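The structure appears right after this line, and notes come after that.
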Amino acid sequence: MSGRICFVLTLILVACALSVVNAHYQFRRLFIELERAQAQARQLDIEWAQLQLDQSTLGKHARIEGNARRDLRMVPVTPASTQYLTMGAK
Numbered sequence: 001m002s003g004r005i006c007f008v009l010t011l012i013l014v015a016c017a018l019s020v021v022n023a024h025y026q027f028r029r030l031f032i033e034l035e036r037a038q039a040q041a042r043q044l045d046i047e048w049a050q051l052q053l054d055q056s057t058l059g060k061h062a063r064i065e066g067n068a069r070r071d072l073r074m075v076p077v078t079p080a081s082t083q084y085l086t087m088g089a090k
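The sequence shown begins at 1 in UniProt numbering and counts up one residue at a time.
Below you can see the structure in the form of structure tokens.
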């Protein structure tokens, strides 16, 4: 009888050990996944801050006007340079 009890206790001990190993494996896997998600969140925060900075810089009126003058050689409209077209009556 004691041999049978010893065998059953050994089976229970092995099952518990396997359960502990499995739980430890699952913990490590989830922890690595959590670290990856946190790293991705940090990267997205950095990209978001950069996009907000770009938007505020590119949207300023003075920057747009400066680019128009420099790159497109645009000048402000004056009454002397404005041409009016009239249509004659038929």
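Backbone N, C-alpha and C define an ideal beta-carbon position, used for all residues, glycine too. Because the structure is a prediction, the values reported are computed rather than measured.
Extent of the continuous alpha helix (DSSP H) to which residue i belongs
{"i": "S56", "result": "2-58"}
Helix, strand or coil at residue i [DSSP, three-state]
{"i": "G88", "result": "coil"}
{"i": "R73", "result": "coil"}
Cutoff 7 Å: residue i Cβ touching any chain B Cβ
{"i": "V20", "result": "Of the protein chains in this structure there is only one, and it is not chain B."}
Beta-carbon gap between residue i and residue j smaller than 7 Å
{"i": "A68", "j": "M74", "result": "yes"}
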